[in-house]
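Per my numbering, the sequence shown runs over residues 21 to 392.
The structure under discussion appears below in the form of structure tokens.
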Amino acid sequence: MTIDIIGGGIGGLTTGIALKRKGFTVRIFEQASELKNVGAGIVLANNAMQVYKRLGLSDEITSKGNTISQINIVDQKFKIISNTNLQYFEKKHNLKNVAIHRAVLQQILINQFSEEELFLDHKLESIVLGNTISTLKFENGKTYLSELVVGADGIYSKVRTCLFDAVQLRKANQLCWRGMLKFDLPKEYQQKAIEGWGNNTRFGFVQLNKGLVYWYALKSGQKQTTMRIEDFKEYGSLVTKMIKVTKDIHLSEISDIQPFKNWSVGNVCLLGDAAHATTPNLGQGACQAIEDAYVLAACFKKNKNRTKVFDEYESIRIKKAHKVVTTSWQVGKIAHLSNPLLRTIRDFLLRITPGFVNRKQLETLFKIHELE
Ligand SMILES: Cc1cc2nc3c(=O)[nH]c(=O)nc-3n(C[C@H](O)[C@H](O)[C@H](O)COP(=O)(O)OP(=O)(O)OC[C@H]3O[C@@H](n4cnc5c(N)ncnc54)[C@H](O)[C@@H]3O)c2cc1C
């Protein structure tokens with residue numbers, strides 16, 4: 021059986037690998053003519069790394085990225101508001117959270133495929149459902165018949181718009197600039213992900229590997245397209261210096277999809293951002309797509325009937341994926357409070373939150389559904 025995947029992002033590529041490991045044949049159709057990624061980093065949390073361990077990729081990812089053992093939320097003066105120590109989970113799963121350049125991760129994933137499995141320059145134009153076979157039409161004029169389709173084509177998924185009810189895309193009213201620079205952070209920050217919370221802004225940074233740092237900066241609002249260093253002056257000279265020397269800065273508008281049910285129809289299902297795009301406030305969007313990939317492949321192996329496969333996949337994944345979307349949305353609102361009194365109360369409450377509460381929440385977040 022051949023399974024066709026629309027979209028060669030982290031979700032689509034990881035699904036392809038997970039399916040291949042279970043003995044399936046895959047074809048991945050990607051709109052881009054070459055797979056080059058936005059100049060940014062990504063943090064793969066312990067749950068994603070558990071999946072990559074099962075796929076035999078965790079050692080390579082760890083060796084090509086930088087391990088992160090603490091997550092610090094700090095104020096503008098870098099005073100800690102919340103400190104999450106990840107050592108408990110590192111010991112429990114014998115794995116660390118890894119910060120890595122997106123292009124490096126993508127290359128590790130692409131290396132798992134032959135040329136015959138990756139169809140670049142294939143932008144899906146339409147998909148028509150048949151009783152057992154769907155017809156995939158691409159903008160390059162090519163048409164393919166498909167027994168099983170996975171729509172991993174991101175938040176604006178063509179697969180979803182062709183076959184599913186309209187979903188509600190939600191703008192978070194936050195802009196996010198991202199950049200990378202050749203730099204080594206002060207030693208105390210090298211194994212940490214730091215996120216500063218200011219007045220309607222956030223600034224986060226992490227070391228990706230020796231000599232390479234990734235940062236992201238968020239600001240409430242939707243109109244401004246050029247980043248202004250003045251908006252982030254409150255974080256001090258380390259931050260302004262990093263912004264100043266960064267050559268390429270990419271802007272994204274933060275949005276998600278209001279959680280919805282029924283991720284499949286006929287022989288087609290949705291995965292990753294196409295099914296449950298989230299704001300990036302928990303750093304879990306890709307991690308959830310990676311969990312989807314692992315569960316979907318295991319469900320394909322276990323069940324002969326495609327309806328059973330899709331029902332089981334959705335029933336295992338939906339609760340956690342939706343919880344991430346909802347919690348992340350709330351965190352984004354709390355992080356951008358503009359009222360100084362509310363900010364003080366927020367910071368106080370976060371400072372007195374005992375470590376075991378954080379750990380309990382992470383226990384749920386990092387737990388992946390075990391399947392053969
Ligand atoms: C600022 C920011 C920071 C983030 N940081 C993190 C983080 O630290 N950790 C984390 O886990 N997540 C993070 N995320 C979220 C993460 O990037 C996404 O959740 C993840 O990339 C989703 O993967 P995906 O494969 O489902 O979708 P995408 O990455 O969107 O990939 C979809 C693919 O489908 C292709 N495609 C689209 N339409 C078509 C078509 N019609 N035909 C063919 N191909 C098509 C696209 O070209 C793309 O390659 C962040 C997101 C943002 C915005």
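The C-beta atom is built at its ideal place from N, Cα and C for all residues, glycine as well.
None of the values given here were measured: they were computed from a predicted structure.
Item                                                                                                                                                  : Value
What would DSSP say about TYR255, mapped onto helix, strand or coil?                                                                                  : helix
Contact check, ASP173 vs LEU144 under 8 Å by CB: the rounded distance?                                                                                : 7 Å
Assuming contact is defined by CB atoms lying nearer than 8 Å, are LEU370 and SER102 in contact in what I supplied?                                   : yes
How long is the line joining the alpha carbons of LEU115 and GLN211, rounded to whole angstroms?                                                      : 14 Å
So for HIS356, helix, strand or coil by DSSP?                                                                                                         : coil
So does the stretch 67–77 actually touch the stretch 33–41, counting three or more Cβ pairs closer than 8 Å?                                          : yes
For the 8 Å Cβ check, are there 3 or more pairs between the stretch 188–198 and the stretch 162–171?                                                  : no
Let me make sure I understand the geometry here. Which of HIS389, GLU383 and PHE368 has the alpha-carbon closest to that of TYR108?                   : GLU383
Within its chain, find whatever has a CB closer than 8 Å to the CB of VAL187; leave out the 5 residues flanking it on each side and keep chain order. : ARG180, ILE277, GLN278 and PHE280
So what does DSSP say about LEU391, is it helix, strand or coil?                                                                                      : coil
Grab me the residues of GLN51's own chain with a C-beta within less than 6 Å of its C-beta, minus the 5 sequence neighbours each way, in chain order. : LYS143
Any contact of the stretch 303–318 with the stretch 229–239, i.e. 3+ C-beta pairs under 8 Å?                                                          : no
How should PRO374 be labelled, buried or exposed, when 16 other C-beta atoms within 10 angstroms of its C-beta is the threshold for buried?           : exposed
Does the beta-carbon of ASN301 have 16 or more other beta-carbons within 10 angstroms, so that it is buried, or is it exposed?                        : buried
Using the Cα positions of GLN244 and VAL259, report the straight-line distance between them to the nearest angstrom.                                  : 20 Å
Beta carbon of ARG190: closer than 7 Å to some heavy atom of ligand 1?                                                                                : no
With a CB to CB cut of under 7 Å and the five nearest residues on each side skipped, what residues in its chain are close to SER146?                  : LYS157 and CYS182
Look at the alpha carbon of LEU106 and the alpha carbon of ILE91, and state the distance between them as a whole number of angstroms.                 : 8 Å
Among the residues of its own chain, which have a CB less than 6 Å from the CB of GLU254, if the five just before and after it don't count?           : GLN96 and GLY218
Considering only the beta carbon of each residue, do ALA313 and ARG41 sit closer than 8 Å?                                                            : no
Within the continuous alpha helix (DSSP H) that includes GLU383, where are the two ends?                                                              : 375–386
In chain order, what residues of the same chain lie with their CB nearer than 7 Å to the CB of GLU332, ignoring the 5 residues before and after it?   : CYS319 and ASN323
Is ASP24 buried or exposed, if buried means 16 or more other CB atoms sit within 10 Å of its CB?                                                      : buried
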